[in-house]
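Engineer: Let me begin by handing over the structure; questions about it come next.
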Amino acid sequence: MTFLLYSLAVLTGAVFLMALTARFRRISGNIFLFSLVMASVLGLFSAISVLVSRAPVDYHLNFRMPLGEFFIGLDSLSAFFLLAITVLFFLAGIYGYAYLKDDHKRNLSVHFVFYHLLFISLILVVAAKNAVVFLMAWEMMTISSYFLITFYHEQKSVRDAGYLYLIAAHAGTFCLWVMFLLMGQHAGSLNFDQMSMSAFPDTLTGLLFVLGVIGFGVKAGFIPLHIWLPHAHPAAPSHVSAVLSGVMIKMGIYGLMRLILIIKIFPEWCAVLLLLIGIISGVGGVLYALGQHEIKKLLAYHSIENIGIIALGMGIGLWGQLYHNEFVALIGYAGALLHVFNHAIFKGLLFLSAGSVIRSTHTGEIDRLGGLLKYLPWTGHLFLIGAISICGLPLFNGFVSEWLVFRALFEGMFHFKMNAIVFSGAGIIALALIGGLAAACFTKAFGAIFLGNSRSIDNSHLKENPWEMCAPMAVLAGICVWVGLFPFTMVSFALGAASSIYPIKTSPIAAGTIISPLLMVVVVLLILIMAIAVLTLLKRISMKFLAIEKSLTWGCGYSHPTNRMQYTASSFADSILRIFRTVMGYSVAKGSSHVVEVCEEFIFRPVFQVIKFLSAKLKIIQCGYTQWYLLYIFVFLLFLLIWKMV
Amino acid sequence: MVFTVYFCFPSVFVNLEDGLDKMGIPVLLHLGVVLVLSPLLLGIIGKTKACLTGRIGAPLLQPYYDIGKLFRKGNVYSTTTTWIFQAAPIVCLAAVLVSSLLMPLGGLKAPIVFWGDILLFAGLYGLARFAMVLAALDTGSSFEGMGASREATFSCLTEVVLFLDFIILSCVSKKIVLSEMVQGNALTSWHLAGPALILMGVSYFLVLLAENARIPVDDPATHLELTMVHEVMVLDHSGWDLAYILYGSAIKLFVLGSLLVNILIPSYHLSPFMQTMMFSGGMFVLSFGIGVVESCMARLRLNRIPQLLIGAFVLALVGVLVVLLKGA
Amino acid sequence: MWLEVVLIIIVFLSVAILGNSRLKTIIQLFALQSVVLSTTPLLIYPSFHAIIIAIVIAILKGVLMPVLLFWAIRHVSIRREVQPLIGYATTLLLGGVLIGVAFLISSKLDLPDKGISNLLVPCAFSVIMIGFLLLVSRFKAITQIIGYLVMENGIFLFALLLLEKTPLLVEMGILLDIFVGVLVMGIVVNHINQEFGSASTINLINLRE
Numbered sequence: 023m024t025f026l027l028y029s030l031a032v033l034t035g036a037v038f039l040m041a042l043t044a045r046f047r048r049i050s051g052n053i054f055l056f057s058l059v060m061a062s063v064l065g066l067f068s069a070i071s072v073l074v075s076r077a078p079v080d081y082h083l084n085f086r087m088p089l090g091e092f093f094i095g096l097d098s099l100s101a102f103f104l105l106a107i108t109v110l111f112f113l114a115g116i117y118g119y120a121y122l123k124d125d126h127k128r129n130l131s132v133h134f135v136f137y138h139l140l141f142i143s144l145i146l147v148v149a150a151k152n153a154v155v156f157l158m159a160w161e162m163m164t165i166s167s168y169f170l171i172t173f174y175h176e177q178k179s180v181r182d183a184g185y186l187y188l189i190a191a192h193a194g195t196f197c198l199w200v201m202f203l204l205m206g207q208h209a210g211s212l213n214f215d216q217m218s219m220s221a222f223p224d225t226l227t228g229l230l231f232v233l234g235v236i237g238f239g240v241k242a243g244f245i246p247l248h249i250w251l252p253h254a255h256p257a258a259p260s261h262v263s264a265v266l267s268g269v270m271i272k273m274g275i276y277g278l279m280r281l282i283l284i285i286k287i288f289p290e291w292c293a294v295l296l297l298l299i300g301i302i303s304g305v306g307g308v309l310y311a312l313g314q315h316e317i318k319k320l321l322a323y324h325s326i327e328n329i330g331i332i333a334l335g336m337g338i339g340l341w342g343q344l345y346h347n348e349f350v351a352l353i354g355y356a357g358a359l360l361h362v363f364n365h366a367i368f369k370g371l372l373f374l375s376a377g378s379v380i381r382s383t384h385t386g387e388i389d390r391l392g393g394l395l396k397y398l399p400w401t402g403h404l405f406l407i408g409a410i411s412i413c414g415l416p417l418f419n420g421f422v423s424e425w426l427v428f429r430a431l432f433e434g435m436f437h438f439k440m441n442a443i444v445f446s447g448a449g450i451i452a453l454a455l456i457g458g459l460a461a462a463c464f465t466k467a468f469g470a471i472f473l474g475n476s477r478s479i480d481n482s483h484l485k486e487n488p489w490e491m492c493a494p495m496a497v498l499a500g501i502c503v504w505v506g507l508f509p510f511t512m513v514s515f516a517l518g519a520a521s522s523i524y525p526i527k528t529s530p531i532a533a534g535t536i537i538s539p540l541l542m543v544v545v546v547l548l549i550l551i552m553a554i555a556v557l558t559l560l561k562r563i564s565m566k567f568l569a570i571e572k573s574l575t576w577g578c579g580y581s582h583p584t585n586r587m588q589y590t591a592s593s594f595a596d597s598i599l600r601i602f603r604t605v606m607g608y609s610v611a612k613g614s615s616h617v618v619e620v621c622e623e624f625i626f627r628p629v630f631q632v633i634k635f636l637s638a639k640l641k642i643i644q645c646g647y648t649q650w651y652l653l654y655i656f657v658f659l660l661f662l663l664i665w666k667m668v
Numbered sequence: 030m031v032f033t034v035y036f037c038f039p040s041v042f043v044n045l046e047d048g049l050d051k052m053g054i055p056v057l058l059h060l061g062v063v064l065v066l067s068p069l070l071l072g073i074i075g076k077t078k079a080c081l082t083g084r085i086g087a088p089l090l091q092p093y094y095d096i097g098k099l100f101r102k103g104n105v106y107s108t109t110t111t112w113i114f115q116a117a118p119i120v121c122l123a124a125v126l127v128s129s130l131l132m133p134l135g136g137l138k139a140p141i142v143f144w145g146d147i148l149l150f151a152g153l154y155g156l157a158r159f160a161m162v163l164a165a166l167d168t169g170s171s172f173e174g175m176g177a178s179r180e181a182t183f184s185c186l187t188e189v190v191l192f193l194d195f196i197i198l199s200c201v202s203k204k205i206v207l208s209e210m211v212q213g214n215a216l217t218s219w220h221l222a223g224p225a226l227i228l229m230g231v232s233y234f235l236v237l238l239a240e241n242a243r244i245p246v247d248d249p250a251t252h253l254e255l256t257m258v259h260e261v262m263v264l265d266h267s268g269w270d271l272a273y274i275l276y277g278s279a280i281k282l283f284v285l286g287s288l289l290v291n292i293l294i295p296s297y298h299l300s301p302f303m304q305t306m307m308f309s310g311g312m313f314v315l316s317f318g319i320g321v322v323e324s325c326m327a328r329l330r331l332n333r334i335p336q337l338l339i340g341a342f343v344l345a346l347v348g349v350l351v352v353l354l355k356g357a
Numbered sequence: 417m418w419l420e421v422v423l424i425i426i427v428f429l430s431v432a433i434l435g436n437s438r439l440k441t442i443i444q445l446f447a448l449q450s451v452v453l454s455t456t457p458l459l460i461y462p463s464f465h466a467i468i469i470a471i472v473i474a475i476l477k478g479v480l481m482p483v484l485l486f487w488a489i490r491h492v493s494i495r496r497e498v499q500p501l502i503g504y505a506t507t508l509l510l511g512g513v514l515i516g517v518a519f520l521i522s523s524k525l526d527l528p529d530k531g532i533s534n535l536l537v538p539c540a541f542s543v544i545m546i547g548f549l550l551l552v553s554r555f556k557a558i559t560q561i562i563g564y565l566v567m568e569n570g571i572f573l574f575a576l577l578l579l580e581k582t583p584l585l586v587e588m589g590i591l592l593d594i595f596v597g598v599l600v601m602g603i604v605v606n607h608i609n610q611e612f613g614s615a616s617t618i619n620l621i622n623l624r625e
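Residue numbers (our numbering), protein chains in the order written: chain A, 23 to 668; chain B, 30 to 357; chain C, 417 to 625.
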């Protein structure tokens with residue numbers, strides 16, 4: 023615990039120092055780097071110590087805050103999230119420092135101040151053991167991320183994205199306030215420990231769950247509450263997008279898990295709701311991603327898809343908890359938690375490499391790029407590792423977490439009653455569809471950006487980005503490979519965190535049945551690597567004796583093929599989108615394709631038009647005469663007096 | 030609860046050492062059988078098509094001669110391509126070979142059996158497909174891009190149908206281990222779940238035709254861009270790369286077909302020798318059947334293929350409903 | 417067990433009819449389905465009553481009606497179906513959903529199937545629903561007739577539950593009704609084609625005021 027307090031202290035001190043030295047770029051930049059390294063290392067130590075020892079720690083501070091006290095602590099669930107937070111913030115911070123180093127017009131130290139504030143607020147959100155600390159940290163998180171998103175504030179689209187994000191986040195926070203106040207009123211105190219000991223009536227738990235889903239779902243990005251995500255992520259600079267997509271939206275997931283931990287018994291429809299949200303977000307997110315032309319918007323929609331997968335795991339885990347089937351609950355939650363960590367890692371990697379591409383080529387439009395693998399080798403190969411991981415293919419970490427979620431769904435199919443079987447089956451089908459579509463989307467993205475020839479820009483002058491930007495990406499890719507080939511550490515951490523949500527006493531045999539198939543998976547993957555090595559060796563040996571020629575790609579009969587004749591990313595995705603065109607409003611016009619964002623166009627825009635219409639009607643109150651305003655005050659006071667008398 | 034935490038290399042390899050001693054010989058035997066027998070399937074299909082159209086056709090062992098000829102040729106590489114183009118056939122062949130280790134072949138049991146191995150099975154084929162699509166996009170040609178796009182589209186749908194079939198099998202056999210799903214108590218399964226297994230068989234046969242680029246989904250003998258899917262993806266490969274790809278597609282047909290044969294031929298209770306005989310007979314009948322289907326039908330229009338796969342999806346869905354009705 | 421296999425084959429054939437676009441194939445699949453259907457009375461209650469019904473159905477629905485429909489097609493020389501109202505893929509998916517609904521309804525209903533397999537009622541419902549879907553979603557008159565006939569097949573499956581109780585005469589009467597109905601429909605299709613130059617029922621909307 024002391025490590026965590028030290029890291030918080032370091033970060034707060036750095037915030038003040040950087041605010042003071044805002045005019046001196048080099049000093050504030052060095053303070054940023056130094057404090058980032060120290061705080062991250064300290065946070066990492068405290069997270070790992072709690073995860074390994076599996077003993078929760080906490081800390082009280084006795085200064086009076088309105089409505090509560092400053093009470094923070096770490097249990098396994100918080101420590102697991104803290105692990106993801108510290109790793110990603112550390113690497114994205116170093117990348118961000120190098121990414122923004124050449125930008126001389128803007129005041130970078132203000133940006134770094136808000137970066138540290140976001141770091142502090144995220145640590146406090148996962149460490150809070152009191153609703154007041156939680157909500158204050160939540161609010162600080164919203165505000166500091168708003169300032170981070172609107173870094174390029176001179177562009178109107180960035181400002182609009184920031185407004186939308188702020189409004190959406192506060193709408194969610196409103197629901198959270200109501201939820202926590204209801205819980206606190208019923209339990210008599212706002213501390214999480216005392217709340218988890220009181221029993222909540224059935225109707226109240228249903229209402230609290232719905233409020234939690236809305237409030238945390240806005241932050242997490244469940245469809246249909248996700249409309250701020252595809253605007254905010256592309257608007258922000260790349261390291262901020264990585265942090266936003268990697269850990270900030272997971273705070274919504276953390277909140278939901280904390281809610282489930284506190285209120286242990288829910289009506290059954292809550293699990294159905296989570297499963298349905300998971301299916302719709304997962305499939306909808308990846309379908310929308312297929313229709314995007316810009317790399318960061320594509321990655322933002324993929325975040326929505328992965329949140330859907332996490333919600334699937336949580337839904338089946340919750341169902342297992344309600345049926346008192348410990349095995350399913352444990353694996354479901356562990357799969358969801360491991361996917362939280364994995365997604366933070368590979369989505370961070372993908373956003374950072376997309377940032378490298380944008381920095382080198384000054385455009386994010388996929389259909390204008392091409393052939394970058396030869397000129398930006400580090401960026402390209404690391405993007406490839408991230409792409410294979412996110413598709414859930416073997417050898418990398420996405421496969422392990424999807425394997426756990428699949429396992430929970432299959433076990434659910436065997437052991438449960440009829441309607442659980444239907445939903446588990448639907449979950450398995452949705453997960454299979456998501457896997458196929460994600461593979462299509464990332465072959466499209468990687469192939470269009472890095473392979474083939476360049477479609478419009480001239481590649482020959484491009485150089486690889488500096489090592490400070492490539493090193494964090496390489497570390498993230500290394501973690502992907504590590505968890506993919508030797509997943510045992512992270513899986514046991516995830517199981518430890520899951521068992522804190524649903525405390526059970528499992529025998530070591532049951533624990534073994536989760537880990538031992540993973541051991542066989544690793545064996546098969548090692549055999550695969552050996553087979554690849556053998557085949558490559560055979561080919562290399564024979565190539566020495568056979569002729570190899572180099573030539574141009576066959577031009578299909580054209581005598582002068584140009585680079586514009588290549589298949590573009592939009593044409594690649596066209597076949598799949600045609601199958602799903604009724605769901606997505608897909609249309610092709612004037613040589614480019616267009617996808618309609620259904621929730622925004624048909625749900626939220628009409629609602630906001632109605633609100634705008636009603637507010638316009640109310641404008642007559644504001645007439646401009648101060649005498650009228652004074653009259654309003656007088657009339658209201660009169661009304662209060664009369665009311666008191668009656 | 031006590032979990033063992035494997036942090037670094039040595040402890041993992043200690044477990045692997047004695048594992049490999051037990052597994053080494055069966056693994057190599059399994060791989061050897063698959064490598065030797067799979068091109069024979071292509072030969073049988075070709076011979077069947079020839080006989081049905083009144084020709085004598087190429088000899089039965091022609092695929093072996095083709096692969097051997099390709100191994101003796103050099104390569105031509107395009108200047109647009111990167112190492113991915115050369116690595117993809119290797120990854121494809123390796124993934125397909127390793128996936129065969131999870132599949133029992135008649136009397137020959139699968140060397141690697143563990144809970145949830147169907148997920149790894151599907152994942153390996155996904156990896157192979159990912160590599161091939163990237164290699165196609167690497168050439169920077171519109172031909173290969175078109176094939177890659179079509180391949181990606183059809184594979185989304187076949188993956189869903191494949192998982193539905195796995196759901197049917199696992200509900201019937203109450204397990205998620207590939208060997209036990211396809212072989213355990215097969216005779217009694219037919220009594221209990223005959224209708225569901227028929228539906229599963231039909232939809233899986235359609236998936237088999239789609240995944241292996243057979244008519245009515247794709248024509249393996251044509252070279253017109255209007256009609257190609259898999260053939261156009263490998264248009265630029267030559268020499269050893271093409272040999273690996275050809276071998277990979279033969280093994281894929283063998284492994285995916287053996288799943289169907291294992292389910293349709295209930296021979297669990299017989300001796301291993303009889304099982305292997307019946308398995309070989311079943312594979313022969315399967316390749317003959319594929320040859321008959323290829324000779325009797327034409328390739329479907331491209332926009333009808335998703336409809337065919339959705340039809341397979343609906344059949345598998347009905348199968349799941351039947352299984353649930355019976356089990357509930 | 418064979419009864420269940422036969423029932424599943426009937427449902428499979430109706431899904432195949434749903435996804436097909438060539439009129440000749442649709443009629444052939446329907447003929448096959450009727451022949452398979454004719455074996456079901458023999459599997460449930462092997463008796464003299466059942467044999468007669470089986471033979472009559474096989475001849476009437478498996479041979480005579482398809483011949484009638486082939487004659488109708490040849491006269492109006494149509495070969496292919498136009499796109500259905502909602503597209504083939506959506507029609508197939510909708511068919512799957514309707515089969516699911518059929519299974520759901522039949523598990524909630526409490527019909528006396530007295531030891532005949534519990535797949536009978538769901539399959540009967542599914543075939544009725546697919547027949548109805550064919551009737552509603554297609555444009556060409558011939559396909560709509562086939563849809564009506566598939567629905568009749570499904571209703572026949574339902575009637576199998578009461579096979580022992582229904583007199584032979586009632587069964588024959590129903591079959592005669594259907595035969596005459598198809599004859600009239602064939603003639604009407606011929607006249608539609610003569611009047612409008614095509615056998616698509618979409619032209620019938622010209623009849624409204």
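C-beta atoms are modelled at their ideal positions from N, C-alpha and C, and glycine is treated no differently.
Where do the ends of the beta strand (DSSP E) carrying B/Ser-178 lie?
Structural biologist: Segment 171-202 is the alpha helix (DSSP H) holding B/Ser-178; no beta strand (DSSP E) there.
Engineer: Span of the alpha helix (DSSP H) holding A/His-437?
Structural biologist: 419-437 is the span of the alpha helix (DSSP H), which, as asked, contains A/His-437.
Engineer: Given a cut-off of 8 Å, decide if A/Gly-354 and A/Ile-329 are closer than it, judged by their beta-carbon atoms.
Structural biologist: No; because the gap between Cβ atoms is not below 8 Å, this pair is not in contact.
Engineer: B/Pro-39 by DSSP, collapsed to three states: which one?
Structural biologist: Here B/Pro-39 scores only 42 on pLDDT, less than 50, and its place in the model should not be relied on; the value that follows carries that caveat. Residue state, collapsed to three classes: helix.
Engineer: Output yes if chain B places a C-beta closer than 8 Å to the C-beta of A/Lys-561; else output no.
Structural biologist: True, the Cβ-Cβ gap to chain B drops below 8 Å.
Engineer: Closest to A/Ile-94 by CA distance: which of A/Leu-42, A/Arg-477, A/Met-23, A/Phe-102 is it?
Structural biologist: Taking only the C-alpha atoms, the option nearest A/Ile-94 is A/Met-23.
Engineer: Restricting to runs no shorter than 4 residues, where is the alpha helix (DSSP H) found entirely within the segment 165-209 of chain A?
Structural biologist: Counting whole runs of 4 or more residues, the segment 165-209 of chain A contains the alpha helix (DSSP H) stretches 178-209.
Engineer: Need the endpoints of the alpha helix (DSSP H) that A/Glu-490 sits in, please.
Structural biologist: A/Glu-490 -> alpha helix (DSSP H) spans 489-507.
Engineer: Quick test of your reading: C/Asn-534 and C/Leu-453, contact by CB under 8 Å. State the CB separation rounded to the nearest angstrom.
Structural biologist: Rounded, the Cβ-Cβ distance is 19 Å, inconsistent with contact.
Engineer: Below 8 Å, can you find three or more Cβ-Cβ pairs linking the segment 108-128 of chain A to the segment 178-194 of chain A?
Structural biologist: The answer is no - the segment 178-194 of chain A does not touch the segment 108-128 of chain A, with fewer than three Cβ pairs under 8 Å.
Engineer: Under the DSSP definition of a beta bridge, which residues are partnered with A/Asn-129?
Structural biologist: DSSP lists no partner for A/Asn-129.
Engineer: Could you tell me the distance, in whole angstroms, from the CA atom of A/His-248 to the CA atom of A/Thr-648?
Structural biologist: Looking at the two C-alpha atoms, the distance is approximately 42 Å.
Engineer: Helix, strand or coil: how does DSSP classify B/Ile-244 here?
Structural biologist: It is coil, neither helix nor strand.
Engineer: To the nearest angstrom, report how far apart A/Ala-36 and A/Leu-146 are at their CA atoms.
Structural biologist: Their Cα atoms are separated by approximately 17 Å.
Engineer: Can you tell me which of A/Ile-367, A/Pro-488, A/Arg-48, A/Ala-430 puts its alpha carbon nearest to the alpha carbon of A/Ile-501?
Structural biologist: Among A/Ile-367, A/Pro-488, A/Arg-48, A/Ala-430, the Cα nearest to that of A/Ile-501 belongs to A/Ile-367.
Engineer: By DSSP's criteria, A/Gly-342 is part of a beta bridge. Which residues make up the other side?
Structural biologist: None; A/Gly-342 has no bridge partner.
Engineer: What whole-angstrom Cβ distance do B/Glu-188 and B/Val-162 have, given they're in contact under 8 Å?
Structural biologist: Wrong, their Cβ atoms sit about 14 Å apart, outside the cutoff.
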